[in-house]
Each structure stands twice: as structure tokens, then as C-alpha cells.
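This report concerns only the one structure given below.
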Amino acid sequence: MEKRTALPNDFPTDGVELRYVLVTHNYAQSLAFYCDVLGATVVHELPGILCFLSFAGSQILLSASGGSMQDKTNFLLNDKMIMSELSIRVPDCLAAYTSLCSRGAEFITPPAHSNNQTRAFFHDPDGHLLEIWEA
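In the numbering used here, the protein residues as written are 43 to 177.
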């Protein structure tokens, strides 16, 4: 393997933020899931259309299908074209699993340990894949 040259220190810089965009078919149901089940908080909302959520130091943007995202909806929701996953690192996977189950999350499987990690997967109301993991 060739040694990589160091990149200039011009990106990422202060002020860079990570935002995860999710296009949803049922905006109200997804908003309730991310707030009531995962504990995200609403930062700004255009009711029924678009919502900026704060979650664990990052942003999740929920967008109702259609509207300003209409040209991207088919691409973003076609599982054969793109695979995405929202991965959430937690200090205790079993405790997070228990807490999220009590809030209504339906997991695909209970937490499983493999390769020095404990992981569990579940879906949001639109079928987006989410993972909790502990290393």
C-alpha cells in the first residue's frame, strides 16, 4: 500500500457540520418516531414539509416526499440505487435497546456481539435502516 500524502488542513474546518437527510412518505409519523423514540429535538420546522432535528451533536433533516426534494425522492428511496444507514454509537447497546424498545422501536434482532462490537438494527417508519452499536 502506498503511503498517502497528508491532506491540506483546509477541510474540515471549524463550522463544518454533519447533516443526515431522510425523505419520508409519512412526515408526521417519522417526526414522532425521531422525537418520541430516539429523543431528537426540533430545531426548526416548516410543518408537514421539512424539519431540522438535533440529535447527538448532529442534524437530521426530515423532508416530506415531493416539494423541494421531489427531484431526488426516487433516487433516495430506491434501495437498488442507494443504501444508507444511520449508525448511532452508544455506551451500552443492551441498555439502549431496552430503552428504545420501551419507546416503540421495533428491532430486526436483539443486540448481537460480533467482531468486538455489539450491534442491533431497526427501521424507522419509512424503512430507513438504523443501527445502535457499542465497541
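For every residue, glycine included, the Cβ atom is placed at its ideal position computed from N, Cα and C.
- Taking all protein chains shown into account, HIS86 has fewer than 16 neighbouring C-beta atoms within 10 Å of its C-beta and is therefore exposed.
- In terms of Cβ geometry, ASP134 and PHE75 do not form a close pair [threshold 7 Å].
- Taken atom to atom, the span from the alpha-carbon of THR151 to that of GLY90 is near 32 Å.
- One thing to note: GLU127 has its Cβ within 7 Å of the Cβ of LEU171.
- The continuous beta strand (DSSP E) containing THR160 extends over residues 159-165.
- Note that the C-beta distance between LEU95 and ALA106 is not below 7 Å.
- Linking GLN71 to GLN101 through their CA atoms gives a straight-line distance of about 18 Å.
- Linking ASN157 to ALA137 through their CA atoms gives a straight-line distance of about 20 Å.
- When the five nearest sequence neighbours on each side are left out, the beta carbons in the same chain lying within less than 6 Å of the beta carbon of GLY146 are those of VAL79, in order along the chain.
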